[in-house]
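Asker:
Chains as they are written, first to last, in the numbering used here: chain A, 25 to 136; chain B, 11 to 127.
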């Protein structure tokens, strides 16, 4: 059974610092990995998707890497802003079934 | 509509009551998913539809949970005899891609927060 773990569970940084969020998964047989953002009381917003054959994806200040063989992904957010405060979730689409398996999320607070 | 719409946004149920949660996916989206998100945790898969066919219901926690999508558009998640452990946010997501394992982007609804008292 696929298990996804996110470390740390919570993170607080001053504005301007770079953020590093970690995600690990137990089964490397995946089609892709996604990073989502969740604001309180809101749904999920997809940030980046990395196909299993890719090593990284970038969008603006966001960069996500994928090391499928070791079961790890890292989301980097450069020059954090208070508007980046949210919960960040990673999820993998496993080769075995029709579903995303999510990690528990990292709650991020960026202080002005 | 422009996005995935879920109703009601909030539902308070007394233990033992039946509830029905509705999801209106984006028009034309073939795939529809339900997830359960307990407080402070990530979403967990409940069930998956491709059009009206329920292809995977392996995540439904008990036989008190039932989902349907009779016409391949709107879906309803029904929970019978609610219990306190059913308290969670129930998220619906839809995707245009009929091959679910090749999904590029999901669009999630804002969820229904169910509180069982």
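Each residue gets a CB set at the ideal place from its N, CA and C atoms; glycine is no exception. What you are looking at is a predicted structure, and each value in this text was computed from that prediction instead of being measured.
For residue 90 (chain A) and residue 105 (chain A), which I take to be in contact (beta-carbon distance under 8 Å), what is that distance rounded to the nearest angstrom?
Answerer: With 8 Å as the limit, residue 90 (chain A) and residue 105 (chain A) do not qualify as a contact, their Cβ atoms being about 25 Å apart.
Asker: Grouping DSSP H, G and I as helix and E and B as strand, with all else coil, what is residue 94 (chain B)?
Answerer: It is helical.
Asker: Quick check on DSSP: helix, strand or coil for residue 82 (chain B)?
Answerer: Coil.
Asker: Do residue 90 (chain B) and residue 25 (chain B) have their beta-carbon atoms positioned less than 8 Å apart in this structure?
Answerer: Against a cut-off of 8 Å, the Cβ pair of residue 90 (chain B) and residue 25 (chain B) comes out as no contact.
Asker: State yes or no: is the C-beta of residue 38 (chain A) within less than 8 Å of the C-beta of residue 135 (chain A)?
Answerer: Against a cut-off of 8 Å, the Cβ pair of residue 135 (chain A) and residue 38 (chain A) comes out as a contact.
Asker: So, under 8 Å CB-CB, residue 130 (chain A) and residue 34 (chain A) are touching, yes? Tell me the CB distance rounded to an integer number of Å.
Answerer: Contact flag correct, Cβ pair sits at about 7 Å.
Asker: Which partner residues of residue 100 (chain A) appear in the DSSP bridge assignment?
Answerer: According to DSSP, which records beta bridges pairwise, residue 100 (chain A) is partnered with A:44, A:87.
Asker: Who are the neighbours of residue 129 (chain A) on chain B, taking C-beta pairs under 7 Å?
Answerer: Within 7 Å Cβ-Cβ: 52.
Asker: Does DSSP put residue 50 (chain B) in a helix, in a strand, or in coil?
Answerer: Looking at residue 50 (chain B) - three-state DSSP - the assignment turns out to be coil, as it is neither helix nor strand.
Asker: Please state if the CB of residue 103 (chain A) and the CB of residue 42 (chain A) are separated by a distance shorter than 8 Å.
Answerer: It is a contact, given that the beta carbons lie within the stated cut-off.
Asker: Verify the CB distance criterion: does residue 66 (chain B) have a CB-CB separation below 8 Å to chain A?
Answerer: Residue 66 (chain B) counts as touching chain A.
Asker: Looking only at its own chain, which residues have a Cβ that is under 7 Å from the Cβ of residue 81 (chain B), when we skip the five neighbours before and after it?
Answerer: 62.
Asker: Which class does residue 64 (chain A) belong to by DSSP, given the choice of helix, strand or coil?
Answerer: Residue 64 (chain A): coil per DSSP, three-state reduction.
Asker: Provide the residue(s) that pair with residue 122 (chain B) in DSSP beta bridges, ordered along the chain.
Answerer: Residue 122 (chain B) is bridged to B:100.
Asker: Identify the residues that DSSP records as bridge partners of residue 21 (chain B): which are they?
Answerer: In the DSSP output, where bridge partners are listed per residue, residue 21 (chain B) has B:124.
Asker: Check the Cβ of residue 118 (chain B) against every Cβ in chain A and list those closer than 7 Å, keeping chain order.
Answerer: Neighbours of residue 118 (chain B) on chain A, chain order: 67, 68.
Asker: DSSP three-state label for residue 51 (chain A), please.
Answerer: Residue 51 (chain A) falls in the coil class under three-state DSSP.
Asker: Is residue 19 (chain B) closer than 8 Å to residue 120 (chain B) when the C-beta atoms are compared?
Answerer: The answer is yes: Cβ separation under 8 Å.
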